[in-house]
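Residue numbers (the numbering used here), protein chains in the order written: chain A, 1 to 286; chain B, 1001 to 1286; chain C, 2001 to 2286; chain D, 3001 to 3286.
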């Protein structure tokens, strides 16, 4: 009887040889937002075994219409993380995806910036990040904190690091909403709607303008961060990513730029992780 | 009001620019198996628009414990297919995953070979393939028919082509069960169980023995097929894949062999599609 | 004595198992140019064994300051060709590099276009191509003729296919001089110099303007060609390649676009061959 | 006049934006070998600018019939180093290729091991490495010293780290001569010849036997090193590399293993650098 299951045992052992990260989802009450917000955390395989060890952190942001569970579910992030950590291409890190959305931006709040009625950026810096970095064993300095994201989250990641260059060592922007597709042009609509305010906030936080209008002091601050911009050749946001990269290059702020095959979809972002995780790894602790 | 949704429209247009393949799932009644069997078909983007066009076909087999829906769901095959077809790296083809399992092999039948009580191979060649190639617009000759699969399905794909070299032009085996992990050794157990019979069928259909015992005539037949073996360095079946490749090389039957980073998991097989689809594409119509 | 050299024999056998392409260099007298011009040809491994077989052809153009031997020597093209042909990723083809330079453009003629005193384009179409495609066993129709090149040769390849859409099925442009770095601005200088005329010819043959000024008829012709644009993120010609891609996309002429890591150097072009050869292969015979 | 050269200036600036490593070749007199031996050093781009900075070191060994200049010339190592260092995928390091050959092994001494008449290993550890690490600004501890090599040099790198696990943090073996192709079988011949002694030394230093015969203490030492084995599917040494990897895996000593497309040639080793340099980089300073 014992032997009859040999093959299965081998199957399961094979799976368990590899160290596994762990996905957890939690919620917190925000006073700023006056709402309960969920977040997803991917803890490295050794987290529970080393109760005193502290880890670098990567904030990995989702896109419009999305939520905190996107990277774990649609992005299948765990598979890539475990692969790269086991082969040594990525170091162990805590990966955090906060919820800056949760559905249709006409109905629910979406966005990483402060808007009238939804001060998400304030929430992020005064409530979320401090709580998270206390709750989990995170080193918590600039040289061990990176930020990345897709689409609206790629714009969020870029803008966050632009405004807080003392807090992040590396940014990996995927198919990023660096600006509105039609830059600077606010679509008509009722200024009281969530969608209108979201569009407005993207214009106000234009990642491109931030660079083109930066003085030498600000450029020097941006040079303390490692930048990586990755956007598909079929992506409707490609032109904005090109403009961002050109602005960075013209400002002599080192920035990697890649255009791979693909569009604005999860297969692009899933494969981007193979570049993103080694990239942030080699920038941690520098 | 029309303008307020500009951004979303752009989002959805961006998605719809790319031609999309279509996943359908159907069932058929098998007289051989005395059971209803499901199968999943991925039709190329142009299928409905070209009502007279015939396509090459790829049989893409699932593994033990799996089912016909695996490649579409766990393997996220559609994303890769659409990407590669849009960039031209893959041609349009019909992809078929039959169901040779459906759950725990101790409880339900698993396997691509004929067993006492489950004559799957007979079903495949006398019922399934003829029906499918009539039901869908498939060219239906050797030079436009390829077969691939993962694990038990990689062994199935290899053995099917070995026994029917006149039917397949290309084989892509992923993490293939070329033999039992402990080769030739039948785990003890009740010979009446489904699991026992499955193990027995794998030994009887050893892909390795097929090559090492092939005479020159059979080798010549195998040389009419293009072979590709792909297995992770952390896969518990690696040694059997190595033996198969060595047998092929020693028999002077051209065969590509790759060991990439990874284990026996869906991330490996998902990424294998990026190699598999261009490989079968370039072998079609030769 | 026989046995002592076992190890070496094995070494050399190992090398010789792989089929090898063959590099030859020849010259021809041009009446148009009133000069002797050299060209380098890479013949596929099977060329001599199949005296009746005809092959597809790839014109692979060199850059400014370069010459016909560049791809074979600095680009180490043979190694990539043999690798990809042996693995099946590339089909067998004849690869031709004509000499459109030979040194410092201030001293010797450089360029693929007609200039006053150096009618290279006329030479190419009336003397060189006809002679080559007769001299070697080349199929010689649009669907088996592709063109690629680096820098000045990337611009040349693009412009040649633009003006002769009935002659080429595929274009792969690397770090291409689609326009002058400072577009449309002719550097001052003596209009009688070779350099001045070269700059002038690049402006006149702007690949970007060709697309932005194309009418629907011309766009339709360009859509019969498969296009691939590949340029490094550190390349000083990146912005011109971006503009070309944007022009193609806006004109709805399908075009692949990639930005990989790298600058305007041979390592970039050498690695580009790994994409270029499979690309032209899958476009041959369509 | 100044403006006429605009285009060239841009060309050369483009090239010079990227930081460049520097290749130097020197010789030293060996008392052990009673001969003058050459060595090639690739110094990182910042070496001269930071007169007090110390760097990690990679010993990058050549193969049989080869010499110290091979990696710089045939391997075109500088191009890869500069690319990866500029993009951040590789850290700055000093790369050393000593000369353990210089021609036909029947005529001149080849080999990394001690032989009767050619005590190369003794030379390496008592004369070469101490001198080099004093001559250049090398950190000089285990965690900043890696070793890699191709063919005979891959076997040398592996055996050196096996015997000196306190000295190296990482090993990258390419197409490595882990044993003779016909393992343990000494080809007949005159025992007084250089070739006979070389073969003998490879058998005596079998990297495979070293692992299979290791006790737990030795295994623990080997586990302090990061291992990477990379060998082409068409390489005549593949089977020996497979055996080495299997021995490592069975001894539970973590080791990465890759089989890429290719044979025993410079294109394989050139492309291996893209994996090798990031690999040693991430193992430095751990």
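Yeah, the Cβ is synthetic: ideal placement off N, Cα and C, and Gly gets one too.
Residue range of the alpha helix (DSSP H) that includes residue 1070 (chain B)
1070-1073
Residue span of the beta strand (DSSP E) that contains residue 2230 (chain C), given as start and end
2226-2230
From the DSSP output, in three-state form, read off residue 1168 (chain B) for me.
coil
Whole-angstrom distance between residue 1101 (chain B) and residue 1267 (chain B), CA atom to CA atom:
21 Å
Three-state secondary structure assigned by DSSP to residue 2081 (chain C)
helix
Residues near residue 3060 (chain D) by beta carbon distance below 6 Å, same chain, minus five either side
3071, 3095, 3097, 3148
Which residues, in chain order, does the segment 236-270 of chain A contribute to contact with chain C at a C-beta distance below 9 Å?
238, 239, 242, 245, 246, 249, 255, 256, 257, 258, 259, 260, 261
Strictly below 8 Å CB to CB, what residues from chain C border residue 1143 (chain B)?
The premise fails here: residue 1143 (chain B) is roughly 14 Å from chain C at the closest Cβ pair, so nothing lies under 8 Å.
Take residue 3146 (chain D) as the anchor and find which of D:3135, D:3129, D:3079, D:3194 has the nearest alpha-carbon.
D:3129
If you reduce the DSSP assignment to three classes, tell me which class residue 1094 (chain B) lands in.
strand
Simplified DSSP assignment, three categories, for residue 1143 (chain B):
Reduced to three states, the DSSP call for residue 1143 (chain B) is helix.
Considering only residues of the same chain and omitting the five flanking positions on each side of residue 1152 (chain B), which have a CB-CB separation below 6 Å?
1063, 1064, 1177
Can you tell me whether DSSP reads residue 2024 (chain C) as helix, strand or coil?
strand
Comparing alpha-carbon positions, which option in A:75, A:273, A:202 lies nearest residue 160 (chain A)?
A:202
Mind pulling the chain A residues with CB within less than 7 Å of residue 1083 (chain B)?
261, 262, 267
As a quick exercise: from C:2054, C:2067, C:2132, pick the residue whose alpha carbon is nearest that of residue 2028 (chain C).
C:2132
First and last residue of the uninterrupted alpha helix (DSSP H) at residue 212 (chain A):
207-212
With a cut-off of 8 Å, does the C-beta of residue 2190 (chain C) fall near any C-beta of chain A?
no
Tell me the rounded alpha-carbon separation between residue 3143 (chain D) and residue 1047 (chain B).
58 Å
Environment of residue 2134 (chain C) [buried if 16+ CB atoms lie within 10 Å]
Exposed, by the Cβ-count rule.
For a contact meaning CB atoms closer than 8 Å, what does residue 2233 (chain C) contact in chain A?
Close partners of residue 2233 (chain C) in chain A (Cβ separation under 8 Å): 245, 256, 257, 258.
Residues that residue 80 (chain A) contacts on chain B, provided the C-beta gap is smaller than 8 Å
1267
According to the Cβ coordinates, are residue 3228 (chain D) and residue 3171 (chain D) closer than 8 Å?
yes
Check whether the Cβ of residue 18 (chain A) lies closer than 8 Å to any Cβ atom in chain B.
yes
Would you mind giving the Cβ-Cβ distance between residue 2115 (chain C) and residue 2057 (chain C), rounded to the nearest angstrom? I have them listed as a contact below 8 Å.
Incorrect: roughly 26 Å between the Cβ atoms, too far for contact.
Write down every uninterrupted run of the alpha helix (DSSP H) in the segment 99-162 of chain A whose length is 4 residues or greater and which is fully enclosed by it, in chain order.
Counting whole runs of 4 or more residues, the segment 99-162 of chain A contains the alpha helix (DSSP H) stretches 129-135.
Roughly how many angstroms lie between the CA atoms of residue 16 (chain A) and residue 1235 (chain B), to the nearest whole one?
Its pLDDT being 46, under 50, residue 16 (chain A) is placed unreliably by the model, and the measurement read from it follows with that caveat. Looking at the two C-alpha atoms, the distance is approximately 11 Å.
Under the three-state DSSP convention, the category residue 2036 (chain C) falls into:
strand
Burial state of residue 204 (chain A), where buried means 16 or more other Cβ atoms lie within 10 Å:
exposed
Do residue 211 (chain A) and residue 257 (chain A) have their beta-carbon atoms positioned less than 8 Å apart in this structure?
no
Does residue 2178 (chain C) come out as helix, strand or coil in the three-state DSSP assignment?
coil
Please list the terminal residues of the continuous beta strand (DSSP E) segment that includes residue 3257 (chain D).
3255-3258
Residue 2237 (chain C) (DSSP reduced to helix, strand or coil)
Three-state result, residue 2237 (chain C): coil.
Buried or exposed for residue 162 (chain A), please, with buried defined as at least 16 other CB atoms from any protein chain shown within 10 angstroms of its CB.
buried
Among A:260, A:169, A:154, which residue has its Cα nearest to the Cα of residue 208 (chain A)?
Looking at the Cα atoms, A:154 is the closest of the given residues.
If I follow the unbroken alpha helix (DSSP H) through residue 186 (chain A), where does it start and stop?
Residue 186 (chain A) -> no alpha helix (DSSP H), and no H or E assigned at all.
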